[in-house]
Amino acid sequence: MNRPENGNRPVRRASDRRYVDRRPGQARRPQPRRRRRPQARFYVLIALVVLIIAAAVALVVALNSRKTPDVPAETNVQATAAAPSAQQDVQEPGVSDAALDVVTNPPSARAAQLAAMLGDEGNVLETLSSSEQAVVTDLSLNEDLPDDWLNVLLLGSDERVDGANARTDSMIICSINTTTGEVKLTSILRDVAVDFTDLGDLNGTYRINAANYFGGEALAMKTVNECFGLNIENYVRVNIFGFQ
Numbered sequence: 252m253n254r255p256e257n258g259n260r261p262v263r264r265a266s267d268r269r270y271v272d273r274r275p276g277q278a279r280r281p282q283p284r285r286r287r288r289p290q291a292r293f294y295v296l297i298a299l300v301v302l303i304i305a306a307a308v309a310l311v312v313a314l315n316s317r318k319t320p321d322v323p324a325e326t327n328v329q330a331t332a333a334a335p336s337a338q339q340d341v342q343e344p345g346v347s348d349a350a351l352d353v354v355t356n357p358p359s360a361r362a363a364q365l366a367a368m369l370g371d372e373g374n375v376l377e378t379l380s381s382s383e384q385a386v387v388t389d390l391s392l393n394e395d396l397p398d399d400w401l402n403v404l405l406l407g408s409d410e411r412v413d414g415a416n417a418r419t420d421s422m423i424i425c426s427i428n429t430t431t432g433e434v435k436l437t438s439i440l441r442d443v444a445v446d447f448t449d450l451g452d453l454n455g456t457y458r459i460n461a462a463n464y465f466g467g468e469a470l471a472m473k474t475v476n477e478c479f480g481l482n483i484e485n486y487v488r489v490n491i492f493g494f495q
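Set out below in C-alpha cells:
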C-alpha cells in the first residue's frame, strides 16, 4: 500500500472490505455442511452381505434335496416276505417262537379277549338269579380321604325288567364338598377292563359296567372304590322305568 505524499495513513473507504468493522464477540455465520457422497467401500459391504445370504439359501436347498425319506416298517416286512424260502427258515438266535407269533399273528391274545368281551348286537344278556349274584360284605372304603368331601356313585342302566340287574352304561363319581358346596363330576369309561375275583365260577376280566350285573349297586361301589381308591358308600341309580 502506498502512503500519500504527506506521510499520513491512508484514508479508509467504506467500500474497502479490508476495513470492515466487526463487533467484539460477533461470530461468523456457520456455513452449511456439504453432504458427503457414499464411499465405494459401503457398496462393497452391501454386495458381500447379499452374496452371503444367497450362498446360505443355496446351501439349505441343496441339503434338503439330498435328504432321503424315512422308510416305513412295512417295507422291511414286505422285503422279508419276498425273500427266498431258504432264508425264511433261518431264525435269529435268542428269538423265541412266542415272540415271532406275537409279531406275525396280531392281535395278541389279550386283545382278542377284550374283543370277545365287547360282544356284538346278537348277544342277549340273561339276568342272574339272586343265588348267582355276588354277595358283598365289604365296600373296600379308603379311610385316608378327607372328611369334608362326600363321594356318591351315580349309575344309569338300560334294564328292561323291573328289579333285574343290568350293566350300567353310565357311571359317574359325584364329589360334594360339605364345607363349600363345591360339586365335581367324574365320568368313568364303561369299557374299562377290570379283573373280578369274587364271582366264583364266573371270575374273569369284564368291563367295569358289568359290576352292577354281577352284584348290584354294592359290587359297583366296591369295584369303583378299589379301582380309584375312594370311599363311596352311597349311590343313585336311574333306569328306564324312572322316565315312565
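In this text, residue positions in the sequence shown follow the working numbering: the first is 252, and each later residue adds one. Quick reminder that beta carbons are idealized off the backbone N, C-alpha and C, glycines included. Values in this document were obtained by computation on a predicted structure and should not be read as measured data.
Considering A469, what are the terminal residues of the alpha helix (DSSP H) in which it resides?
Here residue 469 is taken as the residue at index 218 of the sequence shown, counted from 1. Taken as a continuous stretch (DSSP letters only), the alpha helix (DSSP H) holding A469 covers A462 to F479.
According to DSSP, is A385 part of a helix, a strand, or is it coil?
Counting from one through the sequence shown, the residue named residue 385 turns up at place 134. If DSSP states are grouped into helix, strand and coil, A385 belongs with coil.
Below 8 Å CB to CB, which residues in the same chain sit around A330 once its five sequence neighbours on both sides are set aside?
Taking the sequence shown and counting its residues from 1, one reaches residue 330 at position 79. No answer about A330 holds up, because its pLDDT of 43 lies below 50 and its placement is not dependable.
Residues in its own chain within less than 6 Å of R418 by CB, not counting five upstream and five downstream?
On the sequence shown, residue 418 is found 167 positions in, with the first residue counted as 1. Closer than 6 Å at the Cβ level, and outside the excluded window around R418, lie N460, A461 and Y464.
Starting from the C-beta of F447, find all residues in its chain whose C-beta is less than 7 Å away, skip the five residues before and the five after it, and write them out in chain order.
Within the sequence shown, the letter at position 196 stands for residue 447. Cβ within range, chain order: N454, G455, Y457 and F465.
Straight-line CA distance for I427 to I491?
Indexing the sequence shown from 1 puts residue 427 at position 176. Indexing the sequence shown from 1 puts residue 491 at position 240. Between I427 and I491, the C-alpha separation is close to 26 Å.
Which of the three DSSP states is assigned to D452 in this structure?
Position 201 of the sequence shown, counted from the start, is the residue given in the question as residue 452. DSSP places D452 in helix when its eight states are reduced to three.
Secondary structure at I304, three-state DSSP: helix, strand or coil?
Here residue 304 is taken as the residue at index 53 of the sequence shown, counted from 1. In the structure shown, I304 sits in a helix (DSSP, three-state: H, G or I).
Less than 7 Å separating the beta-carbons of L470 and V387?
On the sequence shown, position 219 is the one that residue 470 refers to. On the sequence shown, position 136 is the one that residue 387 refers to. Yes.
Looking at C-alpha atoms only, which residue of I439, F479, V295 and L401 is the closest neighbour of G407?
As a position in the sequence shown, residue 407 is number 156, starting the count at 1. It is I439 whose Cα lies nearest to the Cα of G407.
What does DSSP give as the partner residue(s) for S438 in the beta ladder?
Along the sequence shown, read from residue 1 onward, the residue named residue 438 stands at position 187. Bridge partners of S438: I423.
Within the continuous beta strand (DSSP E) that includes F492, where are the two ends?
Translated into the one-based positions of the sequence shown, residue 492 becomes position 241. Element bounds for F492: n/a, residue is neither H nor E.
Just reading off the beta strand (DSSP E) that G407 is part of, what are its end residues?
As a position in the sequence shown, residue 407 is number 156, starting the count at 1. Here the beta strand (DSSP E) through G407 covers W400 to S408.
Rounded to a whole number of angstroms, what is the C-alpha to C-alpha distance between E477 and T431?
Position 226 of the sequence shown holds residue 477. Position 180 of the sequence shown holds residue 431. Going by the C-alpha atoms only, they are around 27 Å apart.
Closest to T437 by CA distance: which of C425, V443, A444 and V445 is it?
To locate residue 437, count along the sequence shown from 1; it is residue 186. Checked all of C425, V443, A444 and V445; the closest Cα to T437 is C425.
Taking all protein chains shown into account, decide if Y486 is buried (16 or more other Cβ within 10 angstroms of its Cβ) or exposed.
Locating residue 486 in the sequence shown gives position 235, counting from the first residue. So Y486 ends up on the buried side.
Tell me where the beta strand (DSSP E) around V445 begins and ends.
Your numbering for residue 445 matches position 194 in the sequence shown. Segment A444 to F447, the beta strand (DSSP E) holding V445.
By Cβ distance, which residues of its chain are closer than 6 Å to G467, with the 5 residues on each side in sequence left out?
As a first step, residue 467 is located in the sequence shown; it is residue number 216 there, counting from the start. Cβ neighbours of G467 beyond the five flanking positions: N416.
Per the DSSP calculation, Y457 is bridged to which residue(s)?
By one-based count along the sequence shown, residue 457 stands at place 206. BP columns for Y457 point to V445.
For V312, which beta-bridge partners are listed by DSSP?
Locating residue 312 in the sequence shown gives position 61, counting from the first residue. Its beta-bridge partners do not exist; DSSP assigns none.
Compare the beta carbon distance of K473 and L401 with 7 Å and say whether it is the shorter of the two.
Locating residue 473 in the sequence shown gives position 222, counting from the first residue. Locating residue 401 in the sequence shown gives position 150, counting from the first residue. Not in contact: K473 and L401 (Cβ atoms no closer than 7 Å).
Determine the direct distance from the alpha carbon of L450 to that of T429, and round the result to whole angstroms.
Position 178 of the sequence shown, counting from 1, holds the residue named residue 429. Position 199 of the sequence shown, counting from 1, holds the residue named residue 450. If I take the Cα positions, the gap works out to 36 Å.
So, using beta-carbon positions, are L392 and N482 closer together than 7 Å?
Mapped onto the sequence shown, residue 392 falls at position 141. Mapped onto the sequence shown, residue 482 falls at position 231. Yes; because the gap between Cβ atoms is below 7 Å, this pair is in contact.
Considering only heavy atoms of the ligand PLP, does any lie closer than 6 Å to the CB of M422?
As for the ligand PLP, it is missing from this structure, which has no ligand bound.
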